[in-house]
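The sequence shown begins at 185 in my numbering and counts up one residue at a time.
Here the structure comes first, spelled out in structure tokens, and everything after it is commentary.
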Amino acid sequence: MKINPGTARRVALVTALTAAAVAFVWVYAARRDFFDLRIYVSALRWWADGHPLYDYAQPDRVQGELYFTYPPFAALLLRPFAAVPVGFTIGFFCVFTVAAVAVAAWWLTAPVADRRGLPRWLLAGLLFPVALAVEPTRETYFFGQINMLLVLLILADFCHAVPRRWFWAGAGVGLATAIKLFPGIFILYFLVTRRWREAAVSAGTAVVATLLAAAVAPRDSWQFWTSSLFSTERVGRTDYTGNQSLQGLLARLVAPSEPAKALWLVVALAVAGFGMWRAARAFRAGDDLAGVTLTGLVGALVSPITWPHHVFWFVPALVVLVDSGRRRDLALAGGTLAVALYGVNTFIDWGVAPDPTRSVGDFLLRNLYVLAALALIALLPARSSPLDPPRTGQT
């Protein structure tokens, strides 16, 4: 069969970009030895031996002691990995993460490709190497994190179930919230966009999954929801440069002291209010992708702890910005890509001791994600098209 020269060139371009991304990851990614995944497996084996799950602790030179911090429902999902060799678990997570990035790239670009009359595989093939190379994905991969599972559950709702008015629309967000509390911000997005049914389904799904975990593991569930959840020292130091949240920025300004909680609360509420207002406006303009992206960025900023692997939302932001095509938006896309590729932990060793921000350069480098997310919340365009036609807010 004769291959069209144009198609051949496109295939060659996608192949070359993917090869370049793999080479970049292989050469420059920080080798984490699947550190977080090994903690999960050790904690789950401790649990399988009859010990309380949330009593497990592992020493760490940076954070002090590390624990299993996910809700009990996540522990139930991960429990089978306590019974298999850790090498198998690492291999499974690696394959899943790469496959999940590919699926996310397809879902994010398919509506744009259809609207612009381009092959779906082409746009997905162009986004895949970008999504694979950015630091949030690199950290997800080499730490052995489960972030891409959460991304897929959320995107499954907003790319498929919600626009098609499926009866289970919202369940993906609910499951993601039961696995890790961060995705609960998307329930708020349902509320501010007046999608009451989806909000109810997502909240109900999260509650049912949590109650299921409580029925299976009542002691551990009680410990998590009444004690472990509120022990902030379990998730790590807030001033550590890897914490790219508003609280992390404030903590780095005054380290080794703690920032005023009232100040953080005021700043977080202001950012959340403005960001969710913009997300609701994007929805009303018919741009659910922009709304979802803004919501993810708001969640990253207002969460007390936001590690780089949590900020995959730079990737859909790139889709929105490039799809806009305006010079300002393309410049912002270039800046966002540069920030996400360079990251905050890959190329600079910030040490292990608490250290206050000492210069403007330090401030910029230690808060790259925070500053980029704030810029995107203020400037991300919203246009009618990506996931659904314009609507007024009722399902």
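Idealized CB from N, CA, C, for every residue including glycine.
Burial state of residue i (16 or more Cβ within 10 Å)
| i | result |
| --- | --- |
| residue 298 | exposed |
| residue 498 | buried |
| residue 570 | Confidence in residue 570 is poor, its pLDDT being 43 and thus under 50, which makes the residue's placement too unreliable to answer from. |
| residue 414 | exposed |
| residue 574 | Note that residue 574 scores 43 on pLDDT, short of 50, meaning its location in the model is unreliable and no value can be drawn from it. |
| residue 515 | exposed |
| residue 211 | exposed |
| residue 163 | The requested residue 163 does not occur in the structure, where the chain is confined to residues 185 to 579. |
| residue 255 | buried |
| residue 536 | exposed |
| residue 508 | buried |
| residue 331 | buried |
| residue 403 | exposed |
| residue 548 | exposed |
| residue 454 | exposed |
| residue 354 | buried |
Span of the alpha helix (DSSP H), counted from its first residue to its last, around residue i
| i | result |
| --- | --- |
| residue 431 | 430–438 |
| residue 388 | 380–400 |
| residue 313 | 304–317 |
| residue 465 | 445–468 |
| residue 550 | 544–550 |
| residue 373 | 369–376 |
| residue 354 | No alpha helix (DSSP H) holds residue 354; DSSP gives it neither H nor E. |
| residue 365 | No alpha helix (DSSP H) contains residue 365, which DSSP labels as neither H nor E. |
| residue 478 | 472–486 |
DSSP-derived helix/strand/coil call for residue i
| i | result |
| --- | --- |
| residue 244 | strand |
| residue 250 | strand |
| residue 495 | coil |
| residue 508 | helix |
| residue 338 | helix |
| residue 408 | helix |
| residue 292 | helix |
| residue 189 | helix |
| residue 531 | coil |
| residue 442 | coil |
| residue 553 | helix |
| residue 642 | Since the first and last residues shown for the chain are 185 and 579, residue 642 lies out of range. |
| residue 503 | helix |
| residue 330 | coil |
| residue 526 | helix |
| residue 566 | coil |
| residue 361 | helix |
| residue 520 | helix |
| residue 325 | helix |
| residue 561 | helix |
| residue 297 | helix |
| residue 538 | coil |
| residue 287 | helix |
Same chain, Cβ closer than 6 Å to residue i, five either side skipped, listed in chain order
| i | result |
| --- | --- |
| residue 328 | 218, 220, 221 and 277 |
| residue 443 | 434 and 435 |
| residue 431 | 422, 448 and 488 |
| residue 522 | none |
| residue 437 | 541 |
| residue 310 | none |
| residue 579 | Note that residue 579 has pLDDT 40, beneath the 50 cutoff, so the model's placement of it is unreliable and the number below is only indicative. Result list for residue 579: 379 and 381, in chain order. |
| residue 494 | 484 |
| residue 440 | 538 |
| residue 398 | 405 |
| residue 376 | 460 and 464 |
| residue 286 | 312 |
| residue 198 | 309 |
Chain-order list of residues whose beta-carbon lies under 8 Å from that of residue i (same chain, five-residue window excluded)
| i | result |
| --- | --- |
| residue 267 | 232 |
| residue 209 | 316, 317, 322 and 325 |
| residue 506 | 513, 514 and 517 |
| residue 282 | 316 and 325 |
| residue 529 | 214, 319, 323, 425, 426 and 492 |
| residue 576 | Only weak support is given to the placement of residue 576: the predicted model assigns it a pLDDT of 44, under 50, and the question is left unresolved by the model. |
| residue 202 | 309, 312, 313 and 316 |
7 Å CB neighbourhood of residue i in its chain, flanking five on each side removed
| i | result |
| --- | --- |
| residue 367 | 334, 338, 357, 360 and 361 |
| residue 560 | 481, 501 and 520 |
| residue 524 | 318, 319, 320 and 498 |
| residue 462 | 478 and 561 |
| residue 596 | Given a span of 185 to 579 for the chain in the structure shown, any question on residue 596 remains unanswerable. |
| residue 400 | 260 |
| residue 251 | 238, 240, 241 and 418 |
C-beta neighbour in chain C for residue i, strict 8 Å
| i | result |
| --- | --- |
| residue 501 | Given the protein chain composition of this structure (a single chain), no chain C is represented. |
Proximity test, residue i beta-carbon vs the ligand NAP heavy atom, cut-off 7 Å
| i | result |
| --- | --- |
| residue 328 | Here there are no bound small molecules, and the ligand NAP is not part of this structure. |
Any chance you could list the alpha helix (DSSP H) runs of at least 4 consecutive residues sitting entirely within the segment 199–285, in chain order?
219–232 and 256–262
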